[in-house]
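Number of protein chains: 2
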Amino acid sequence: MAKNADYQRIENPFAAPGHDHSSCIVSALDGAEATCARRGERLTPLRRQVLELVWRGHRPVGAYDLLALLQDERGRVAPPTIYRALEFLCDQGLVHRLDSLQAFIGCGHPGSHDEEHHHAAHFLICQECGLAVEMRDGQLDGAINGLAGRAGFTIADETVEISGLCAECQG
Amino acid sequence: MAKNADYQRIENPFAAPGHDHSSCIVSALDGAEATCARRGERLTPLRRQVLELVWRGHRPVGAYDLLALLQDERGRVAPPTIYRALEFLCDQGLVHRLDSLQAFIGCGHPGSHDEEHHHAAHFLICQECGLAVEMRDGQLDGAINGLAGRAGFTIADETVEISGLCAECQG
DNA sequence: TTCATGATGTTATATTATATCATTTCAGAA
DNA sequence: TTCTGAAATGATATAATATAACATCATGAA
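Below, the structure is given as structure tokens:
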């Protein structure tokens, strides 16, 4: 219950009455600026603009949807433009790609950008409302690491995407 | 150690000296026949042939690779043919799609086809040798279910694909 | 300034997947 | 057995996602 409340408050801004999305975007962008500055990476105007478009919602967005949004603001833009920006943002861990949806979403855990660039991201994805929330769970991390360890397997990358119905969309 | 040995013996036929792949294919096909018969589903010659092609290796195969293999045996065949066969096989849980690779692999757990059609499949994928092994782990299942349960989330589908280096490919 | 590097623009194309409608096959009803 | 409706397959076209290759531009260091 308490966990569920946290889940809504922190991760589910659309269901949380108090969510101020414009400040949410601003803080994501500010965090990205800081992260890139610290690393000596360049968050160029284009990359920043794409990140802003990704953050328009807390739902996954397709590359070609982003392309269309970018075209609204910049006139004709070709696919490589958006894909290169997304590649950079994913490399920096500022955006994640959801393989099961072939779509992209802003990273919900900006705090984790220091040590690890593209940290492991685990998602719950609601098939009804489209919301995708990034989860952190020690037990899950432990299970994955344990499983891999026992197999002598060294993890490079994790795709963990659980689809179904969120609490709000049941019934 | 014991776990790792099991992992190799059961799941990693290329590393297991005793692996008889032709009998492995036969048992996969026999199992599929039995499963479909029990359900009143039709494992047609085409579907059976596609399943056989999927089982040529224990590595993920792209739909268009399968299409090419099928064309070698049948002359000109169009994409919908292979996709429809794969859709059927995935629905029956005889094949899994690896979202992180956009590829398909034979299901390594034929025993689980009774209750659940497309059961949850969790993979370790070696980026070096390309081997993908389907894992079953109670702790992992527990962690996922616990996480979802606490969020009030009802699971419909799981994509869990851990990429990295298998024991044989380290160093 | 000049140069080297990385970022972006531009064109073309690769890769993966599906919509649509025609035709065939097959199991069960008559 | 033949008929028939549903499912499976064939065939054509196209959608959706992504990358290769090369030209141009911007930026910062020497």
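The listed protein sequences correspond, in order, to chains D and B. If you're matching positions, the first sequence starts at 0 in numbering that gives the first Met the number 0 and goes up one per residue. If you're matching positions, the second sequence starts at 0 in numbering that gives the first Met the number 0 and goes up one per residue. No residue lacks a Cβ here, since even glycine has one placed at the ideal position from N, Cα and C.
Short of 6 Å in beta carbon distance, which residues of its chain neighbour Ser-99(D), apart from the five on each side in sequence? Order them along the chain. Glu-160
Go ahead and pull the three-state DSSP assignment for Glu-157(B). strand
For Ile-104(B) versus Val-53(B), is the C-beta distance shorter than 8 Å? yes
Min CB distance Asp-71(D) to chain B below 8 Å: no
Return yes when the Cβ of Pro-59(B) is within less than 8 Å of the Cβ of Leu-28(B), no when it is not. no
Answer with yes or no whether the minimum CB distance from Gly-107(B) to chain D is below 8 Å. no
Other residues of its chain near Glu-157(D): CB distance less than 6 Å, five sequence neighbours each side excluded: Ala-119
Along the region 76-88 of chain D, where does the CB come closer than 8 Å to a CB of chain B? Name the residues. none
For His-108(B), which residues in the same chain have their Cβ closer than 8 Å to its Cβ, ignoring the five residues on either side in sequence? His-118, Ala-120, Glu-133 and Arg-135
Looking only at its chain, what residues have a beta carbon closer than 6 Å to the beta carbon of Ile-24(B), apart from the 5 residues adjacent to it on each side? Trp-54
Please classify Gly-163(B): does DSSP put it in a helix, a strand, or coil? strand
Tell whether a beta-carbon distance below 8 Å holds between Phe-193(B) and Leu-123(D). Since the displayed chain B opens at 0 and closes at 170, residue 193(B) lies outside it and no answer follows.
Going by the DSSP bridge assignment, what does Asp-152(B) pair with across the sheet? First, the residue type needs correcting, since residue 152(B) is Phe and not Asp in the sequence shown. Paired residues: none, contrary to the question.
Selection of the region 141-167 of chain B by Cβ proximity to chain D, strictly under 8 Å: Gly-141, Ala-142, Ile-143, Gly-145, Leu-146, Ala-147, Arg-149, Ala-150, Gly-151, Phe-152, Thr-153, Ile-154, Ala-155, Asp-156, Glu-157, Thr-158, Val-159, Glu-160, Ile-161, Ser-162, Gly-163, Leu-164, Cys-165 and Ala-166
In chain B, which residues lie less than 8 Å from Leu-130(D) when you measure between Cβ atoms? Within 8 Å Cβ-Cβ: nothing; Leu-130(D) doesn't reach chain B, min ~10 Å.
Check each candidate in Cys-128(B), Tyr-82(B) and Ser-162(B) and name the one with the smallest Cα separation from Ala-62(B). Tyr-82(B)
Taking the DSSP output, what are the residues bridged to Cys-176(B)? With chain B covering 0 to 170 only, the question about residue 176(B) has no answer from this structure.
Which residue or residues does DSSP assign as beta-bridge partners of Gly-105(B)? Val-94(B)
Exposed unless 16 or more other CB atoms sit within 10 angstroms - verdict on Ala-67(D): exposed
Please report the residue range of the beta strand (DSSP E) in which Val-25(B) lies. That residue, Val-25(B), is in no beta strand (DSSP E); its alpha helix (DSSP H) goes 20-38.
Determine, for Asp-90(B), whether the minimum Cβ-Cβ distance to residues of chain D falls below 8 Å. no
Label Ser-162(D) either buried or exposed according to how many other C-beta atoms from any shown protein chain fall within 10 Å of its C-beta, with 16 as the threshold for buried. buried
Contacting residues, own chain, Cβ-Cβ under 8 Å from Glu-72(D) (five flanking each side not counted): Gln-48
In this structure, how does DSSP classify Ala-120(D) when only helix, strand and coil are distinguished? strand
Backbone CA spacing between Leu-130(B) and Glu-86(B) [nearest angstrom]: 22 Å
On the criterion of 16 or more Cβ atoms from any shown chain inside 10 Å, does Gln-169(B) qualify as buried, or is it exposed? exposed
Which of helix, strand or coil DSSP assigns to Ala-77(D): coil
Within-8 Å CB hit, Asp-98(B) to chain D: yes
If contacts are defined as beta-carbon pairs under 8 Å, then Ser-125(B) and Cys-165(B) qualify, I think. What distance do you get, rounded to the angstrom? Position check: residue 125(B) holds Cys in this sequence, whereas Ser was assumed. About 4 Å separates the two Cβ atoms, so the contact holds.
Quick one: Cα of Leu-42(D) to Cα of Arg-149(B), how far? 37 Å
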